[in-house]
Structures are given as structure tokens and as C-alpha cells.
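S.K.: Can you keep this structure in mind? I'll have questions shortly.
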Amino acid sequence: MIATVRLLALAGFAAAFVSHATAETPPTTRLAYATESSSQFDRRCYALYSIALDGSDVRLLSMQPRPIAGIDWGPTARKIAYADSWGPALSLWAVEPNDLDLDWFTTRDIWDDSYPSWSPDGRRIAMMSNRAGNDEIHIVEAAELDADRVDYAKTHDPTNITHTPVDERWPAWSPVGDVIAFVSDRSGTFQIHLTDPNGANVRQITHARDFPDGITRPPMAWSPDGRTLAFSARVGKRYDIYFQRLGDRSPRRLTNSAGHDWSPTYSPSGDRIAFASSRTPNVRQPGVAQIWMMHANGSAQEHVANGVGGTVTQVDWSPLLPASR
4 MIATVRLLAL
14 AGFAAAFVSH
24 ATAETPPTTR
34 LAYATESSSQ
44 FDRRCYALYS
54 IALDGSDVRL
64 LSMQPRPIAG
74 IDWGPTARKI
84 AYADSWGPAL
94 SLWAVEPNDL
104 DLDWFTTRDI
114 WDDSYPSWSP
124 DGRRIAMMSN
134 RAGNDEIHIV
144 EAAELDADRV
154 DYAKTHDPTN
164 ITHTPVDERW
174 PAWSPVGDVI
184 AFVSDRSGTF
194 QIHLTDPNGA
204 NVRQITHARD
214 FPDGITRPPM
224 AWSPDGRTLA
234 FSARVGKRYD
244 IYFQRLGDRS
254 PRRLTNSAGH
264 DWSPTYSPSG
274 DRIAFASSRT
284 PNVRQPGVAQ
294 IWMMHANGSA
304 QEHVANGVGG
314 TVTQVDWSPL
324 LPASR
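If you count by the working numbering, then the sequence shown holds residues 4 to 328, one letter each, in order.
Spelled out as C-alpha cells, the structure:
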């Protein structure tokens, strides 16, 4: 009888051990953010971090002497694309958040390539580039070979999909994959337009009647269902977060604070938006932008983090991260 009890207890312990050993951490998400700060020698320093949603577990991903111009998590959350300029011009890079492996995939030459936005399948990246002499929307190949490695076609020239004499800026690829949003001044002020990925079927969705000063602060963000765009615009003295549903005539304002609010980014479920805000002065550095969060309808706005590393310039919410053991 005692032997039987011991065997049952041992079996229970073994089952519990196996269950614990094989249990996976539930999928979660993180925020990536870029910062700007001054060093002790009064030199500007720019960095890319990731942070947990509660403001803990800050991880430094990259640091450079020049501004980071755009960040975007890849669709599998294994890569973050961003633009910086170690050389004479802005180039696109991608970093793996877990092991800091770095890939470079546009030429560090005389052109500025910035504000990357992944296609939903991870095979292409839309970007802003001045290769044509002015800012245009280009697409570069970024074929994803497997779950752990992305191989970038460094030898292939990006494809210009806008071809206009005016500036076209800050692409945002729809999570549905059928359209790319961008900002253009082809109507006289910078307003949001949509285009098919091949450059066809361009249409304007914001207008000077709502934003007489135009949309002048990047970036934009799609809701996960591809039906809504969130963006920052200035009407009066401050930048606030707005959203525009496709098919609606008028945008809706989500924030109205004492500071500037910009860089909205949706959670994977679409129920929350993280953003950068200068509304709460930092005790040590007044006016330093911080990370905030709110419900997608603008309610329950709350402070998340002060932005370790300096003033926050951009925020991007990750897709669901792969479960870990």
C-alpha cells in the first residue's frame, strides 16, 4: 500500500515537472520606441529601445549619433525595421530584438531612405526615399525565408510607386495588404492619400477644410482591421491624435491635452493606442515626451513610461510575440 502511494506521488511529481518544463509563456506584446537625448558632452544621442506595456523591462536595441527616422515591427515580431545614418545618408536597417542581430538592406550612399513600413506578408517594405530628387514612396524587397531569418535583396533597386514632382511621405502599409497610406502635398497642403501597392488608384482621404496646416508630423498607424487610420495633426497650437475611418468624410480627435501628442500605434487587438506625448513635464527635463496609452476611442488616457534614454520621438506596438518556454 505504501509503495503504491509512493509510486502515485512520484508519478504526480513527474507529471507536474513535465507540465512545468513544457509550459509556454502566453504570447504578449511590447512597445518599441525611439529617443533623442543630450550626452554629458552636450552631444545629441539617438537610440532605439523596447519596453514592456507596464513600463518595465527596458531593453536597448540600437544607439547612433543621428536621428532615427521611422520604426516598424515586422509582421512576425522577429525584426524591427528602422532608418538611421551611420554613413552620409539615411539607410534602412532591421534589428532582431532578442539577439540584436543587425541587417542592413538599403545602400548607404547619397540617398535618404526612411520611414519603413512592412507589408503584411513580410516580403516587402514601403519607404520614403529621395532617389528621384524629391521624397517619393518606394518599395524594397525583403523576402522572409523562414521564421528566424530575413534575407534582404541588397542588390535590387527599390521601385518608385508615386512618380510626382511633389513630396510624398511616410508610408503606412495596410494590415490587409491592399493599400498603402502616405502623405502628399499634391493638393496644396500635406494630406493623407491612399494608393494600391503598384501605385494605381490614388485617392485623398483628409482635406484642408479639416487640417488647413496639413498633416506634418509622422507617422500614421492602421487599425488591425484596416478600416481606420490614426495620425497626428495640428489644428491651432498643438498636435493631437486623430483618426479617420475609410469612407467617412470627417476625422475625429482623440486627444486634447496641454502638450503635443503624436506617433499613435494600435495594439494587435485594436482596442488600445499607444502614443508619444509632452503633456506631463518631466521633473528633470521639462517638456520631455513620454509614452502614453488610451482606449481606441480616446478614453482612459494614462501614462506608461518616461522614455528611458531621452525624449520619445516615435512609438510602435509589436504584433503578438512568439511564445517562449
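C-beta: ideal position from N, C-alpha, C; glycine also.
Whose CA, out of 32, 33, 30, 322, lies closest to the CA of residue 178?
M.R.: Locating residue 178 in the sequence shown gives position 175, where the first residue counts as 1. When only C-alpha atoms are compared, the closest one is 322.
S.K.: Which residues does DSSP pair with residue 231 in a beta bridge?
M.R.: Locating residue 231 in the sequence shown gives position 228, counting from the first residue. According to DSSP, residue 231 bridges with 248.
S.K.: Residue 34 and residue 208 - do their beta-carbons sit closer together than 8 Å?
M.R.: Looking up residue 208 in the sequence shown gives position 205. Looking up residue 34 in the sequence shown gives position 31. The answer is no: Cβ separation not under 8 Å.
S.K.: Determine the DSSP secondary structure at residue 71, reduced to helix, strand or coil.
M.R.: In the sequence shown, counting from the first residue as 1, residue 71 sits at position 68. Here residue 71 sits in coil by DSSP.
S.K.: Which residues in the same chain as residue 119 place their Cβ atom closer than 6 Å to its Cβ, once the five residues preceding and following it in sequence are excluded?
M.R.: By one-based count along the sequence shown, residue 119 stands at place 116. Excluding residues within five positions, the ones whose Cβ falls inside 6 Å are 73, 75, 84, 95, 128, 130.
S.K.: Out of curiosity, what's the CA-to-CA distance linking residue 160 and residue 139?
M.R.: Counted from its first residue, the sequence shown places residue 160 at position 157. Counted from its first residue, the sequence shown places residue 139 at position 136. About 14 Å.
S.K.: Go to residue 276, then tell me how far its beta strand (DSSP E) extends in each direction, as first and last residue.
M.R.: Numbered from its first residue, the sequence shown carries residue 276 at position 273. That run of the beta strand (DSSP E) goes 275 to 280.
S.K.: According to the Cβ coordinates, are residue 258 and residue 243 closer than 8 Å?
M.R.: Counted from its first residue, the sequence shown places residue 258 at position 255. Counted from its first residue, the sequence shown places residue 243 at position 240. Contact flag set, yes.
S.K.: Does the beta-carbon distance from residue 231 to residue 248 come in below 8 Å?
M.R.: Locating residue 231 in the sequence shown gives position 228, counting from the first residue. Locating residue 248 in the sequence shown gives position 245, counting from the first residue. Yes, they are a contact pair.
S.K.: Name the residue from 299, 315, 324 whose alpha carbon lies nearest to the alpha carbon of residue 36.
M.R.: By 1-based counting over the sequence shown, the position of residue 36 is 33. If we check each option's Cα against that of residue 36, 315 comes out closest.
S.K.: For residue 188, which of 200, 308, 219 has the nearest alpha-carbon?
M.R.: Translated into the one-based positions of the sequence shown, residue 188 becomes position 185. Measuring from the Cα of residue 188, the nearest candidate turns out to be 219.
S.K.: So, are the CB atoms of residue 265 and residue 278 less than 8 Å apart?
M.R.: Within the sequence shown, numbered from 1, the residue matching residue 265 stands at position 262. Within the sequence shown, numbered from 1, the residue matching residue 278 stands at position 275. Yes, Cβ-Cβ distance for residue 265 and residue 278 is below 8 Å.
S.K.: Do you know whose CA, among 180, 48, 200, 38, lies nearest residue 292's CA?
M.R.: To locate residue 292, count along the sequence shown from 1; it is residue 289. Residue 292 has its Cα closest to that of 38, out of 180, 48, 200, 38.
S.K.: Work out the CA separation of residue 144 and residue 158 for me, nearest whole Å.
M.R.: In the sequence shown, counting from the first residue as 1, residue 158 sits at position 155. In the sequence shown, counting from the first residue as 1, residue 144 sits at position 141. Any reading at residue 158 must be qualified, since the residue scores a pLDDT of 44, below 50, and its modelled position is unreliable; the value itself is stated next. Rounded to the nearest angstrom, the two C-alpha atoms are 10 Å apart.
S.K.: Here's the rule: buried if 16 or more other CB atoms are within 10 angstroms of the residue's CB, otherwise exposed. What is residue 81?
M.R.: Numbered from its first residue, the sequence shown carries residue 81 at position 78. Classification for residue 81: buried.
S.K.: Quick check on the burial criterion: 16 or more other C-beta atoms within 10 angstroms. Buried or exposed for residue 233?
M.R.: Start at 1 with the first residue of the sequence shown, and residue 233 comes out as number 230. With 16 or more other Cβ atoms within 10 Å, it is buried.
S.K.: Considering only residues of the same chain and omitting the five flanking positions on each side of residue 239, which have a CB-CB separation below 7 Å?
M.R.: Position 236 of the sequence shown, counting from 1, holds the residue named residue 239. Cβ neighbours of residue 239 beyond the five flanking positions: none.
S.K.: Pick out whichever of 253, 297, 280 has its Cα sitting closest to the Cα of residue 309.
M.R.: Residue 309 sits at position 306 when you count from the first residue of the sequence shown. It is 280 whose Cα lies nearest to the Cα of residue 309.
S.K.: Would you mind working out which of 226, 237, 202 sits nearest residue 194, comparing C-alpha positions?
M.R.: One-based indexing of the sequence shown puts residue 194 at position 191. It is 237.
S.K.: Drop a sphere of 10 angstroms on the beta-carbon of residue 171, count the other beta-carbons inside from all chains shown, and report buried for 16 or more, exposed for fewer.
M.R.: The residue labelled residue 171 in the question sits at position 168 within the sequence shown. With 16 or more Cβ atoms within 10 Å of its Cβ, residue 171 is classed as buried.
S.K.: What residues match up with residue 255 in a beta bridge as DSSP calls it?
M.R.: Here residue 255 refers to the residue found at position 252 of the sequence shown. Note: residue 255 sits in a beta bridge opposite 246.
S.K.: Could you check the C-alpha separation between residue 325 and residue 32 for me, to the nearest Å?
M.R.: The residue given as residue 325 occupies position 322 in the sequence shown. The residue given as residue 32 occupies position 29 in the sequence shown. Taking the straight line from one Cα to the other gives about 9 Å.
S.K.: Between the C-alpha atoms of residue 173 and residue 141, what's the straight-line distance to the nearest angstrom?
M.R.: Within the sequence shown, numbered from 1, the residue matching residue 173 stands at position 170. Within the sequence shown, numbered from 1, the residue matching residue 141 stands at position 138. Those two C-alpha atoms are separated by around 10 Å.
S.K.: Between the C-alpha atoms of residue 286 and residue 311, what's the straight-line distance to the nearest angstrom?
M.R.: The residue you call residue 286 lines up with position 283 of the sequence shown. The residue you call residue 311 lines up with position 308 of the sequence shown. Annotation note: pLDDT 49 at residue 286 (below 50); position unreliable, coordinate value reported separately. If you take the alpha carbons of residue 286 and residue 311, they lie about 14 Å apart.
S.K.: Do you know how far the Cα of residue 182 is from the Cα of residue 299?
M.R.: Against the sequence shown, residue 299 aligns to sequence position 296. Against the sequence shown, residue 182 aligns to sequence position 179. So the two alpha carbons sit approximately 22 Å from each other.
S.K.: When you compare only the Cα positions, how much space is there between residue 263 and residue 306?
M.R.: Translated into the one-based positions of the sequence shown, residue 263 becomes position 260. Translated into the one-based positions of the sequence shown, residue 306 becomes position 303. Rounded to whole angstroms, residue 263 to residue 306 spans 14 Å at the Cα level.
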